[in-house]
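The sequence shown begins at -11 in the numbering used here and counts up one residue at a time. Using N, Cα and C, we set each Cβ at its ideal position, and we do this for glycine too. Since the structure is predicted, the reported quantities are computational estimates derived from the model, not experimental observations. Remarks on the structure that follows.
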Amino acid sequence: MEAIKMEAIKINEGVMVFYLEGEEYSITSTALYRGNKAILFDTMDNVENCGQVKRHLQQLGITHFIVVNTHWHWDHVGGNSLYQNCTIIAHSLCKAAMERNKNELAERFPVFLPNLIFDDKIVIYLDQLKIELINTVIHSRDSIIGYIPQLKLLIAGDTLEDPLPFIDEVEDLNDHIHNIGQLKKFDLKCIIPSHGNKRRYCEGGYDKTLVNANYAYLSGIMSRAKNKDFLDDSMKDYYGSLEEMRASYKDIHRANLNLVRKHFGEP
Ligand SMILES: [Zn+2]
């Protein structure tokens, strides 16, 4: 197996993105750190990759970790077992989904469940840094975002994605669109999605155009789902400006169209 190289990208003082180049899409974890303490958002896709993240943080002098799982999907909870003595925070539905899908997840890595769960919103502090963890039904019902008002920073998990959102739990798509619309109201300078373009992380993260682009894509798809030639629509029909497109996202786009057509488009 070819070695996978993890890159640590410093967004600003005390904010680090760990970037892994995958075949179909990138995978990231994001750490907020102060002194010897860190809050780590997501634990990558397996123990080995998350081990690289942990070692990097330990080399920065971090000895105390709190983990946040933004949602239950395998590419976000793979290294939880490295943090068995730590607090692992998630939405109650995240824990429930991990329990329900335990066998499937266990084919990839040892499953270790979140041990502190909440429903709507909690506020935690890293020294003076206030971090709001908010359930927002986008991508999945258990998704939580991390909002740090002092930094105008949004750690988005899979609620926002570049170049386009991967649609899951399609039956809730109208809620997803509405809730992405709500994100436009946040005071934001920097957005860190879990899956995005390396260059954008290196430039300090995304700005609000990512919210607008995801909103335009999903609401565009929804409004055209009943059109006769809907399934032939190209990404360009929905998507203007963002980034060089990975080839794999053409397949994700096709899968999105098929899913939406099946659920909302058939006469
Ligand atoms: Zn993901």
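C-alpha distance - residue i paired with residue j, whole-angstrom precision
{"i": "histidine 52", "j": "tyrosine 237", "result": "37 Å"}
{"i": "leucine 148", "j": "tyrosine 71", "result": "26 Å"}
{"i": "lysine 250", "j": "glutamate 159", "result": "10 Å"}
{"i": "leucine 81", "j": "aspartate 107", "result": "8 Å"}
{"i": "methionine -11", "j": "glycine 10", "result": "At methionine -11 the pLDDT is 43, less than 50, meaning the model places this residue with poor confidence; the figure from the coordinates comes in the next sentence. If you take the alpha carbons of methionine -11 and glycine 10, they lie about 13 Å apart."}
{"i": "glutamate -5", "j": "asparagine 37", "result": "11 Å"}
{"i": "leucine 230", "j": "arginine 187", "result": "Any answer about leucine 230 is weak, because its pLDDT of 49 lies below 50 and its placement is not dependable; what the coordinates show is given next. Computed Cα separation, rounded: 12 Å."}
{"i": "glutamate 120", "j": "glycine 134", "result": "6 Å"}
{"i": "aspartate 130", "j": "threonine 124", "result": "8 Å"}
{"i": "aspartate 221", "j": "valine 35", "result": "39 Å"}
{"i": "alanine 204", "j": "lysine -2", "result": "30 Å"}
{"i": "tyrosine 194", "j": "cysteine 178", "result": "5 Å"}
{"i": "threonine 58", "j": "phenylalanine 29", "result": "7 Å"}
{"i": "aspartate 146", "j": "methionine 86", "result": "17 Å"}
{"i": "valine 248", "j": "leucine 198", "result": "21 Å"}
{"i": "asparagine 24", "j": "tyrosine 7", "result": "22 Å"}
{"i": "isoleucine 50", "j": "aspartate 217", "result": "54 Å"}
{"i": "isoleucine 54", "j": "isoleucine 168", "result": "27 Å"}
{"i": "leucine 176", "j": "leucine 139", "result": "8 Å"}
{"i": "methionine 32", "j": "arginine 43", "result": "14 Å"}
{"i": "alanine 84", "j": "leucine 104", "result": "12 Å"}
{"i": "asparagine 244", "j": "aspartate 115", "result": "42 Å"}
{"i": "arginine 96", "j": "tryptophan 62", "result": "8 Å"}
{"i": "asparagine 73", "j": "alanine 26", "result": "14 Å"}
{"i": "glutamate 157", "j": "cysteine 190", "result": "31 Å"}
{"i": "serine 128", "j": "isoleucine 155", "result": "9 Å"}
{"i": "leucine 161", "j": "valine 41", "result": "33 Å"}
{"i": "glutamate 1", "j": "isoleucine 180", "result": "15 Å"}
{"i": "isoleucine 122", "j": "histidine 79", "result": "9 Å"}
{"i": "phenylalanine 174", "j": "serine 182", "result": "19 Å"}
{"i": "valine 56", "j": "valine 99", "result": "15 Å"}
{"i": "arginine 234", "j": "asparagine 200", "result": "20 Å"}
{"i": "arginine 212", "j": "lysine 196", "result": "25 Å"}
{"i": "leucine 48", "j": "glycine 192", "result": "20 Å"}
{"i": "asparagine 246", "j": "tryptophan 60", "result": "24 Å"}
Selected residue, minimal CA-CA separation from residue i, among the options
{"i": "arginine 242", "options": "Asn202, Leu219, Val3", "result": "Leu219"}
{"i": "valine 65", "options": "Leu101, Glu95, Cys74, Asn73", "result": "Leu101"}
{"i": "asparagine 202", "options": "Ile50, Ala144, Phe97", "result": "Ala144"}
{"i": "leucine 293", "options": "Ser182, Val5, Ser128, Lys173", "result": "It is not possible to answer for residue 293, since the shown part of the chain is limited to -11 through 255."}
{"i": "isoleucine 126", "options": "Asp150, Arg234, His166", "result": "His166"}
{"i": "cysteine 136", "options": "Leu152, Leu117, Asp150", "result": "Note that residue 136 is isoleucine in the sequence shown here, rather than cysteine. Checked all of Leu152, Leu117, Asp150; the closest Cα to isoleucine 136 is Leu117."}
{"i": "glycine 39", "options": "Glu12, Leu161, Phe154, Lys(-7)", "result": "Lys(-7)"}
{"i": "histidine 164", "options": "Ser182, Ile180, Ile132", "result": "Ile132"}
{"i": "aspartate 150", "options": "Val99, Asn0, Tyr13", "result": "Tyr13"}
Cβ-Cβ separation, residue j to residue i (assumed contact under 8 Å), whole Å
{"i": "asparagine 68", "j": "isoleucine 76", "result": "6 Å"}
{"i": "glycine 184", "j": "lysine 214", "result": "That pair is no contact at about 31 Å."}
{"i": "leucine 152", "j": "isoleucine 15", "result": "Their Cβ separation, rounded to whole angstroms, is 17 Å, which puts leucine 152 and isoleucine 15 out of contact at 8 Å."}
{"i": "valine 3", "j": "leucine 141", "result": "7 Å"}
Any residue with its C-beta under 6 Å from a non-hydrogen atom of ligand 1 counts. Can you list them all in chain order? After applying the 6 Å Cβ criterion, the set is His61, Asp63, His64, Asp146, Ser182, His183.
Sufficient close CB pairs (3 or more, under 8 Å) joining the region 83 to 91 to the region 109 to 125: no
Between the region 19 to 34 and the region 203 to 211, do at least 3 Cβ pairs fall closer than 8 Å? no
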